[in-house]
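Everything on this sheet refers to the single structure shown next.
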Amino acid sequence: MVSPEATNSSSSSSSSSSSSSSLSSPSSAGRHVRSYNHLQGDVRWRKLFSFTKYFLKIEKNGKVSGTKKENCPY
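Heads up, the sequence shown is in the UniProt record's numbering, so the first residue is 1 and it goes up one at a time.
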């Protein structure tokens, strides 16, 4: 069985060496690289519909606008 001191010292030395190499690539930092393959085939436009029966649009600046007209292209 390994003592807690030995475990802590080995983990601290490995974390210091990985922190210097973590700037080179995101996968070496221990983060999971996400895959969005499930979104590639579906190119249809989606419409947001609120509980209060408004068709909503979220603009690039974050502003939310809405209308009651279903066929409004916005």
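Ideal Cβ placement from N, Cα and C applies to all residues, glycine included. Quantities reported herein were computed from a predicted structural model and do not represent experimental measurements.
Just the C-alpha distance for residue i and residue j, rounded to the nearest angstrom, thanks.
i: residue 147; j: N61; result: Residue 147 falls outside the range modelled here, since the chain spans only 1 to 74, and no answer is possible.
i: F54; j: C72; result: For the sequence presented, residue 54 should be read as Tyr rather than Phe. Approximately 11 Å, taken between the alpha carbons.
i: K69; j: G30; result: 47 Å
Could you tell me the boundaries of the beta strand (DSSP E) in which residue i lies?
i: G66; result: V64 to T67
i: K57; result: F55 to I58
Beta-carbon within less than 6 Å of residue i's beta-carbon, same chain only, minus the 5 sequence neighbours each way: which residues are those?
i: S65; result: K57
i: Y36; result: none
Within its chain, find whatever has a CB closer than 8 Å to the CB of residue i; leave out the 5 residues flanking it on each side and keep chain order.
i: L48; result: F55, L56, K57 and I58
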